[in-house]
Amino acid sequence: MADYSLYILITYAVSGVALVGLGLTSYRKMKSVEREAASLRRRRKEQN
Amino acid sequence: MHRFANPAKFNRLADKILPWAVIFGAIAFGTGLYYALFDSPPDYQQGESVRIMYVHVPAAWASMSIYGFIAAASFVALVWRHPLALIAGKAAAPIGAIITGLALITGALWGKPMWGTYWQWDGRMTSVLVLFFLYLGYIALWEAMEDDEKAGRAASILALVGVVNLPIIKFSVEWWNTLHQSASIMRSDGPSMPAEMLKPLFIMGIAYQLYFTVLVLWRMKLEINKRKIDVMRQMSMQDET
Numbered sequence: 069m070a071d072y073s074l075y076i077l078i079t080y081a082v083s084g085v086a087l088v089g090l091g092l093t094s095y096r097k098m099k100s101v102e103r104e105a106a107s108l109r110r111r112r113k114e115q116n
Numbered sequence: 020m021h022r023f024a025n026p027a028k029f030n031r032l033a034d035k036i037l038p039w040a041v042i043f044g045a046i047a048f049g050t051g052l053y054y055a056l057f058d059s060p061p062d063y064q065q066g067e068s069v070r071i072m073y074v075h076v077p078a079a080w081a082s083m084s085i086y087g088f089i090a091a092a093s094f095v096a097l098v099w100r101h102p103l104a105l106i107a108g109k110a111a112a113p114i115g116a117i118i119t120g121l122a123l124i125t126g127a128l129w130g131k132p133m134w135g136t137y138w139q140w141d142g143r144m145t146s147v148l149v150l151f152f153l154y155l156g157y158i159a160l161w162e163a164m165e166d167d168e169k170a171g172r173a174a175s176i177l178a179l180v181g182v183v184n185l186p187i188i189k190f191s192v193e194w195w196n197t198l199h200q201s202a203s204i205m206r207s208d209g210p211s212m213p214a215e216m217l218k219p220l221f222i223m224g225i226a227y228q229l230y231f232t233v234l235v236l237w238r239m240k241l242e243i244n245k246r247k248i249d250v251m252r253q254m255s256m257q258d259e260t
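Just so you know, the protein sequences line up as chains A and B, in that order.
Residue numbering for the first sequence follows my numbering, beginning at 69 and increasing consecutively.
Residue numbering for the second sequence follows my numbering, beginning at 20 and increasing consecutively.
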């Protein structure tokens, strides 16, 4: 049987990088926009 | 359904679901990867390369189910004008595009050692490529217009028209002579795969669905907060003038 380990390795590496990358990017964006919204809300409350 | 049209209610519900989805998703990925890489047997014909199936097939399933989710959200947005439905569709599209891209890439990487080619313009592969372009078109429509309402409506119409591609993907291997293998799970005579292979496949399938659940909730929260920021900025500008 031929050795397919390189194909398996690339498949799992590409999937892992894409899924983890998208997950981290989405989480970071969500958190930074959440913080920005909270600080704007605080600022508006202070102004009023 | 309109109970959850309120973003505050949605955020509370999402915050309840998210920790559980993250925990169960991590467990499902860990268990699925263990079975896929170490516990499942090699195939009698494909040898070790069958392990590619445990990431390729769940990605292909997710690519179709996410599109179904976007189409359902688009329908709800167009018919009932549910405000969160548009946000749900917009949030899901990049996840669907990346997972469909993964299904295509992992399929090509499985095809090369098995068929001797990365790509063939056969029914299954071409219809999944069309699905990928539908995702890109949906995202492009959202980005092309400044008015979110108009952009959302145009993208929703595209999503609904594109639904016709889902049964084409499913039945392409029956309708045409394809290089891609025919159905091996959803068959009238039962799955043509041993339980040792079905177990990691289903666990990875669940892991991909949980991954989508977590990401779509994060991205919906992101969109809701972006809109809140826009509203607050507009209010601040009005206060100044």
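Glycine residues also receive a C-beta, built at the ideal position from the N, C-alpha and C atoms.
At a cut-off of 8 angstroms between beta-carbon atoms, B/PRO132 makes contact with chain A. Using a 10 angstroms sphere on the CB of B/TRP129, the tally of other CB atoms reaches 16 or more, which defines it as buried. When the five nearest sequence neighbours on each side are left out, the beta carbons in the same chain lying within less than 7 angstroms of the beta carbon of B/LEU56 are those of ARG70, in order along the chain. When CB distances to chain A are screened at a threshold of 7 angstroms, the residues of the stretch 49-73 of chain B falling below it are GLY66, GLU67, SER68, ARG70, ILE71, in chain order. Taking the C-beta atoms as reference points, B/GLU242 is found nearer than 8 angstroms to B/ILE106. Taking 8 angstroms as the upper bound on Cβ-Cβ separation, chain A lies near residues TYR230, VAL233, LEU234 of the stretch 220-235 of chain B. Residues of chain A with a Cβ closer than 8 angstroms to the Cβ of B/LEU105 do not exist; the shortest Cβ-Cβ separation is about 18 angstroms. Classified as exposed, B/TRP140 has fewer than 16 neighbouring CB atoms from the shown chains inside 10 Å of its CB. With respect to the 8 angstroms criterion, B/LEU153 and B/LEU123 are not classified as neighbours on the basis of their beta carbons.
DSSP lists B/ASP62 as the beta-bridge partner residues of B/GLY66. A contact between stretches requires three or more CB pairs, one per stretch, nearer than 8 angstroms, and the stretch 211-229 of chain B meets this requirement with the stretch 42-51 of chain B.
Taking 8 angstroms as the threshold, the shortest C-beta distance from A/ALA86 to chain B falls below it.
B/VAL76 sits buried, since 16 or more C-beta atoms from the chains shown fall within 10 Å of its C-beta. Residue environment analysis places B/ARG238 among the buried positions, since at least 16 neighbouring C-beta atoms fall within 10 angstroms of its C-beta. Neighbours of B/MET251 across chain A, judged by C-beta separation under 9 angstroms: ALA105, LEU108, ARG109, ARG111, ARG112.
Assignment of B/TRP99 by DSSP, reduced to helix, strand and coil, places it in the helix class. DSSP places A/ARG109 inside the alpha helix (DSSP H), whose first and last residues are 73-115. Exposed is the label assigned to B/ILE42, since fewer than 16 other Cβ atoms lie within 10 Å of its Cβ. Within 10 angstroms of the beta-carbon of A/TYR80 lie 16 or more other beta-carbons, which makes it buried.
At a Cβ-Cβ threshold of 8 angstroms, B/VAL95 and B/ARG143 do not count as neighbours.
The distance from the Cβ of B/LYS240 to that of B/ASN25 is about 14 angstroms, inconsistent with a contact at the 8 angstroms cut-off. A distance of 8 angstroms or more separates the beta carbons of B/GLY156 and B/LEU179. Annotation: B/LEU234 to A/GLY91 spans about 7 angstroms, alpha carbon to alpha carbon.
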